[in-house]
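*Asks:* After the structure tokens below, expect a handful of questions from me.
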Amino acid sequence: MQRILADASVSITELKRNPSAIIDAAEGASVAVLVHNRPSAYLVPAATYERLMERLEDLELAELVRARAKERRVKVTLDEL
Numbered sequence: 838m839q840r841i842l843a844d845a846s847v848s849i850t851e852l853k854r855n856p857s858a859i860i861d862a863a864e865g866a867s868v869a870v871l872v873h874n875r876p877s878a879y880l881v882p883a884a885t886y887e888r889l890m891e892r893l894e895d896l897e898l899a900e901l902v903r904a905r906a907k908e909r910r911v912k913v914t915l916d917e918l
């Protein structure tokens, strides 16, 4: 059985009938969209999605910093930049 990573769930059929009502009823929480009782997608509030994307970008930048920290350093002056 596949894990559902949301407190609420809705069938794709219910979602098609009235998507606005589902979003309103979620009150800002994520909702799992089920197809044949399996999660197919998640409805995530825009603010949550934006935070997730920012966090992902932060993690990618941190990984880049860690990788570059191992590189040989080259001294330059401000005038050379």
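All residue numbers for the sequence shown refer to our numbering, where the first residue is 838 and numbers rise by one. All C-beta atoms, glycine included, are put in the ideal place defined by N, C-alpha and C.
Quick test of the definition: if touching needs 3 or more C-beta pairs under 8 Å, does the region 873 to 881 touch the region 842 to 852?
*Replies:* Yes, the region 873 to 881 is in contact with the region 842 to 852.
*Asks:* In this structure, does DSSP put leucine 915 in helix, strand or coil?
*Replies:* Here leucine 915 sits in helix by DSSP.
*Asks:* Just the Cα atoms here: how many angstroms apart are leucine 852 and isoleucine 859?
*Replies:* Looking at the two C-alpha atoms, the distance is approximately 7 Å.
*Asks:* Quick one: Cα of leucine 880 to Cα of valine 902, how far?
*Replies:* If I take the Cα positions, the gap works out to 33 Å.
*Asks:* The alpha helix (DSSP H) spanning leucine 852 covers which residue range?
*Replies:* Run containing leucine 852: 849 to 854, per the alpha helix (DSSP H) assignment.
*Asks:* Please find out if some non-hydrogen atom of the ligand MN comes closer than 8 Å to the beta-carbon of glutamate 908.
*Replies:* Inclusion of the ligand MN in the displayed structure is not the case, the ligand content being empty and no account of it being possible.
*Asks:* According to DSSP, alanine 845 sits in a beta bridge with which residue or residues?
*Replies:* BP columns for alanine 845 point to Val868.
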